[in-house]
Structures are given as structure tokens and as C-alpha cells.
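Asker: 32 is the number that UniProt numbering gives to position 32 of the sequence shown; each next residue is one higher, with no gaps.
All C-beta atoms, glycine included, are put in the ideal place defined by N, C-alpha and C.
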Amino acid sequence: MRKLANSELERKNIDEFKEAQKTPIIIILDDIRSLHNIGSVFRTSDAFLIEKIYLCGITATPPNKEIHKTALGATDTVAWEYQQEVLTVIDQLKAEKISVFAIEQVENSVMLNDFEVEKGKKYALVFGNEVKGVSQQAIEKCDGVIEIPQLGTKHSLNISVSAGIVVWDIFKKLIALGEN
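#1: Determine contact between the stretch 88–100 and the stretch 57–73, defined as no fewer than three beta-carbon pairs at a distance below 8 Å.
#2: Answer with buried or exposed for R43, where buried requires no fewer than 16 other C-beta atoms within 10 angstroms of its C-beta.
#3: Just the Cα atoms here: how many angstroms apart are Q136 and Q84?
#4: Three or more C-beta pairs closer than 8 Å, one from the stretch 107–114 and one from the stretch 150–164: is that the case here?
#5: Given that a residue counts as buried once 16 or more other Cβ atoms are within 10 Å of its Cβ, and exposed if not, what is L72?
#6: Could I get the ranges of all uninterrupted alpha helix (DSSP H) runs contained in the UniProt domain "tRNA/rRNA methyltransferase SpoU type" (25–167), with 4 residues as the minimum, in chain order?
#7: Does the beta-carbon distance from I98 to I26 come in below 8 Å?
As C-alpha cells, then:
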């Protein structure tokens with residue numbers, strides 16, 4: 001095996017990315033404190049052609065040197081919008097018939113490995129604050145809650161890691177349905 005050079009990876013340029021068919025996933029980041037976490041979610045979103053990111057509450061917005069450090073230019077490719085109130089974003093997306101799921105640990109959550117996607121459906125995923133998680137008010141507005149199974153002594157993951165795991169899993173399930 002030989003490691004591929006960047007020139008061999010056939011990556012899209014910014015214009016090609018913007019014109020490409022997007023994965024029917026929207027990410028909502030609510031009250032994310034770490035600029036590195038925000039940048040990392042942008043980078044993951046670029047990798048999987050995510051449709052859009054909503055930045056809510058205290059979540060910082062581009063342009064920002066610290067976000068750019070981990071996003072590596074993904075803030076120029078992935079569509080994003082700032083909205084102060086996450087509850088407003090959830091209501092707006094649900095009115096557009098988009099299924100909204102919080103990523104959190106709650107009663108009656110669906111484990112990620114058991115979560116089934118539906119053909120033709122678009123999903124919005126709410127990720128919350130690094131300490132407090134997704135707010136109870138946001139959870140109550142969502143169509144459901146997805147939980148990442150965890151077996152160790154720690155019962156939380158870094159938000160950027162959580163986003164990567166959940167996006168990859170749902171992306172993989174959508175591909176299996178022929179959605180991307």
C-alpha cells in the first residue's frame with residue numbers, strides 16, 4: 001500500500017462543493033463553548049456534505065481564528081447560519097417537515113445502533129453544551145432523542161467526537177438506502 005498524495009484524492013473545490021447534492025442532515029450546535037469543537041464539526045460536516053449548520057446561543061461564529069484552526073477552510077464550504085434561540089430553529093425545521101433529534105442521554109432514548117433512517121426524510125441533529133448537554137426545553141421540542149451507547153466508566157463524549165460518530169452512522173444508513 002502507498003499513501004495517496006493530496007492531488008490524488010479528487011477533492012471538490014469550493015464551487016463544486018456548493019453545487020454538490022448534500023446529505024440530508026442538518027446540524028444544530030447549541031451553546032457550544034469550545035471554538036475547536038465548533039471548527040471540528042465544520043470539518044466533519046464538509047467531509048460528509050452536510051446540508052447546513054445552525055449555530056445557536058453562545059456558540060461562536062466564523063470568521064474566527066480558533067474555529068479556522070480546526071475547520072481548515074470548512075467554514076467556506078458548509079452553509080451555516082446563526083440563530084440566538086435553538087427553540088426557534090427547532091420549530092422552524094419541524095414546520096419544514098424535517099425530523100429533529102437531540103443527541104443526549106434521556107429516558108426512552110433510541111440507541112444510535114438501533115436508530116433507523118427513512119428514505120426521503122431529512123434529519124436535524126441537536127448537539128448541546130459541553131457541560132450541560134442539550135437543554136430540557138429543546139429535548140421536549142424534538143421528535144426524539146438518539147443516544148450513543150457507551151460502556152465505560154465515563155458517560156459522555158466530547159461534542160466533536162459525538163458529532164463525528166452520529167453523522168457517520170446516519171450517513172452510512174442513508175447510503176444503504178441510496179440517499180447519497
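Answerer: This is what the structure holds:
#1: Counting Cβ pairs under 8 Å, fewer than three are found: no touch.
#2: Stepping through the sequence shown from its first residue, residue 43 is reached at position 43. The residue in question, R43, is buried, as its Cβ has 16 or more Cβ neighbours within 10 Å.
#3: For the purposes of this step, residue 136 is taken as residue 136 along the sequence shown, with counting starting at 1. For the purposes of this step, residue 84 is taken as residue 84 along the sequence shown, with counting starting at 1. C-alpha of Q136 to C-alpha of Q84: approximately 17 Å in a straight line.
#4: Too few Cβ pairs lie closer than 8 Å, so no.
#5: Within the sequence shown, numbered from 1, the residue matching residue 72 stands at position 72. That one is exposed.
#6: Correct list: 35–47, 65–71, 86–95, 136–141.
#7: Taking the first residue of the sequence shown as 1, we reach residue 98 at position 98. Taking the first residue of the sequence shown as 1, we reach residue 26 at position 26. Taking the C-beta atoms as reference points, I26 is found nearer than 8 Å to I98.
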